[in-house]
Structure formats: C-alpha cells, structure tokens
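Remarks on the structure that follows.
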Amino acid sequence: QLQVQESGPELVKPSETLSLTCTVSGASISSTPSYWGWVRQPPGKGLEWIGSIYYSGPSGPTYYNPSLKRRLAISVETSKNQFSLRLASVTAADTAVYYCAQSDRSCTTTRCYTFRFDPWGQGTLVTVSS
Amino acid sequence: QSALTQPASVSGSPGQSITISCPESSSDVDYHDFVSWYQQHPGKAPQLLIYDVSRRPSGVSDRFSGSKSGNTASLTISGLLAEDEADYYCSSYTGSTTVFGTGTKVTVL
C-alpha cells in the first residue's frame, strides 16, 4: 500500500526558502508514470493547491499554482524515492500545514483538467517567523 | 483564483441524509465535470471521497455519493453517522489551476 510522508524544517525565517521532502513508500516513484503533488492549509483555514509534477522520466512537466509560480519549484529524486518542494522568499502568509500526496488528473481525450489527491501524508506544520 | 463557495455548515441527525453544494466558479466551460470531494477530520489529513463528480475510490463507503446539476456539484451523505462529523471540501478546475472550496463543517446532532 502506497504511503507518503512529509519531512523538513518546522520553522523558516522570513525571506528564506522553505524546503520540504515527501518520501514515498510501498511503491517506486519511477516504476509507473504518476503525478505527485503538494497542498497546504493555513491554520484554521481551507486547502490551497500548491503544485504537481508528472514523473515519467528525468524531466517530467510541472504544474504550479499561478499565485505561487514565481517562487516555487517541485522536483523528483528517484534515487531516494522522494519528491520535494522549494518555496522561496517566504512570508508569514506561507505559514501552513503542508501536505504531500500522490496525485492523478482528470482528462478527456483532448485535454486535462483538475488534479485530485490520494493518499495524503499526515502533513507538517511550517511556521514562518524570525 | 478564488475558492469555490460552499455553505459554511450543514447539520443533520443520525440516519438522515444531508447534501453539500459546490457552485462552479465559471459558467463559460464545464470544468465541473471533474469535481472531487474530500473529508477532513480535525487534526487529520484530507481523504478523497469522490472524484469526477460521482466516482468513489475503492474503500470509500457508498453512503457518500456525488452528483451535478447545472453549474452546481453536490455531495450527499446518506445514513448520517457520528463519524461523519468533519469538514468537507470540494475541488474543481478554473482554467489554469486546481481550486478547493471554502469548506463545509458537517455537524451530527
């Protein structure tokens, strides 16, 4: 059974880069083309899609929330069976529980649409503060 | 991209059925054919309940069902149980991004 687990610093200073890793267990991240994604949830608030990556080889496409695109990078590290998130120039508004998840995408024969997420990691609270 | 507007709260008694609505953000294109629904208990990660409007992942109870009418998607919980008390989020597409709903707190009376 596939499981994912987030790891990384719980406290990040303003203007620095937030880096998180998601470790995949129960399956090889490179065995089957798959989507992998990140979602965050500020304390007491709703969910926000951060971005997703499609791994089918060394340079899979990435899909980023336009509001975060300028600061965001998502990548896969197949040797460690992990994928990662890097969010630059963070502010207090980036304080949230960050979730990683296996993802999939709803597609027709001509176009792809929304991402869905299943299963999810337990989440990790990242606080941006000096 | 704004969050999809869901009712803040819905309540029901054990055994009853309740429905949570999720209006589409845009009427221009039928992005709501791919709505997903998630359940989130306090302090826990969300869990996928429904995708593509009405499909259930394996292991999800058939008490949860999804539908769509016009530009509004809906999640119905039948035979309400105490364990169904949680937050529920819809998710859809806005043309450039996946967006979640504002969330609905379900209370079992």
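Same order as they appear, the protein sequences are chains G and H.
Using the working numbering, read the first sequence as starting at 2 and increasing by one per residue.
Using the working numbering, read the second sequence as starting at 1090 and increasing by one per residue.
Positions of the beta carbon are idealized from the N, C-alpha and C atoms, including for glycine.
This structure is a prediction, so every number in the text was calculated from the model and none was measured.
Per DSSP, which residues does residue i bridge with? Please list them.
i	result
Gln42(G)	Val98(G)
Gln4(G)	Ser26(G)
Ser1180(H)	Ser1125(H) and Phe1189(H)
Ala1175(H)	Val1195(H)
Arg106(G)	Phe116(G)
Thr18(G)	Note: Thr18(G) sits in no beta bridge, so no partner.
Whole angstroms are fine: how far does the CA of residue j sit from the CA of residue i?
i	j	result
Tyr56(G)	Thr1165(H)	34 Å
Phe159(G)	Ala102(G)	It is not possible to answer for residue 159(G), since the shown part of chain G is limited to 2 through 131.
Ser1150(H)	Glu1174(H)	15 Å
Lys1157(H)	Tyr1182(H)	15 Å
Thr1191(H)	Gln1095(H)	6 Å
Glu17(G)	Leu48(G)	23 Å
Arg1152(H)	Pro1146(H)	13 Å
Asn82(G)	Ala1134(H)	21 Å
Gly27(G)	Gln2(G)	5 Å
Arg112(G)	Ser131(G)	44 Å
His1130(H)	Tyr100(G)	15 Å
Val129(G)	Gln6(G)	21 Å
Ala74(G)	Leu21(G)	11 Å
Ser1154(H)	Thr1108(H)	9 Å
Leu1093(H)	Arg41(G)	16 Å
Phe1189(H)	Val77(G)	25 Å
Ala94(G)	Trp1126(H)	26 Å
Tyr1178(H)	Ser32(G)	31 Å
Pro72(G)	Pro15(G)	Note that residue 72(G) is Arg in the sequence shown here, rather than Pro. Computed Cα separation, rounded: 13 Å.
Gln123(G)	Thr79(G)	22 Å
Thr92(G)	Leu19(G)	10 Å
Gly61(G)	Phe118(G)	18 Å
Thr1187(H)	Ser107(G)	11 Å
Trp121(G)	Asp1176(H)	16 Å
Gly9(G)	Gln1105(H)	43 Å
I want to verify the contact list: residues of chain G whose CB lies under 7 Å from the CB of residue i, in sequence order.
i	result
Phe1123(H)	Ser107, Tyr114 and Thr115
Asp1151(H)	Under the 7 Å cutoff, chain G gives no residues; its nearest Cβ is about 17 Å from Asp1151(H).
Tyr1177(H)	Going along chain G, no residue has its Cβ under 7 Å from Tyr1177(H), so there is no contact; the nearest lies around 11 Å.
Ser1098(H)	What Ser1098(H) touches in chain G: nothing, since even the nearest Cβ is about 14 Å away.
Asp1141(H)	Ser107
Would you mind telling me which residues of chain H sit closer than 9 Å to residue i, beta carbon to beta carbon, in chain order?
i	result
Glu49(G)	Ala1092, Val1188 and Phe1189
Gln123(G)	Lys1133 and Ala1134
Go through its chain and collect everything with a Cβ distance to residue i's Cβ below 8 Å, but skip five positions before and after it.
i	result
Tyr64(G)	Gly52, Ser53, Ile54, Tyr55 and Phe116
Phe1123(H)	Tyr1140, Asp1141, Val1142, Ser1181 and Tyr1182
Leu69(G)	Ile51, Gly52 and Leu88
Leu1137(H)	Ser1125, Trp1126, Tyr1127, Pro1146 and Val1149
Ser1110(H)	Gln1095, Pro1096, Thr1161, Ala1162 and Ser1163
For residue i, which residues in chain H fall below 8 Å Cβ to Cβ?
i	result
Gln1(G)	Look at the range of chain G in this structure, 2 to 131, and you will see that residue 1(G) is not part of it.
Just to make sure I have the definition right: I need the residues of chain G whose C-beta is within less than 9 Å of the C-beta of residue i. Which are they?
i	result
Gly1192(H)	Lys46, Gly47 and Leu48
Ser1181(H)	Tyr114 and Thr115
Could you tell me which chain H residues have their CB closer than 7 Å to the CB of residue i, listed as they occur along the chain?
i	result
Asp119(G)	Leu1137 and Pro1146
Tyr100(G)	Ala1134
Excluding the 5 residues flanking residue i on each side, which residues of the same chain have their C-beta closer than 7 Å to its C-beta?
i	result
Ser1098(H)	Thr1193, Lys1194 and Thr1196
Trp12(G)	Checking the displayed sequence, the identity of residue 12(G) turns out to be Leu instead of Trp. So the list reads Thr128 and Ser130, once near-sequence residues are dropped.
Leu1198(H)	Ser1100, Gly1101 and Ser1102
Pro1112(H)	Leu1093, Thr1094, Asn1160 and Thr1161
Within the present structure, is the beta-carbon of residue i separated from the nearest heavy atom of the ligand MG by less than 8 Å?
i	result
Arg106(G)	Summarising the ligand content, the structure contains no ligands, and the ligand MG is consequently not present.
Which residues in the same chain as residue i place their Cβ atom closer than 6 Å to its Cβ, once the five residues preceding and following it in sequence are excluded?
i	result
Thr125(G)	Glu7 and Tyr99
Pro44(G)	none
Legend entry - Within the region 1105–1164 of chain H, ranges of the beta strand (DSSP E) (whole runs, at least 3 residues): 1107–1112, 1125–1129, 1136–1139 and 1153–1158
Inset, instruction - List in chain order: all unbroken beta strand (DSSP E) runs of 3+ residues lying wholly within the region 22–87 of chain G. - result: 35–42, 49–56, 63–65 and 73–78
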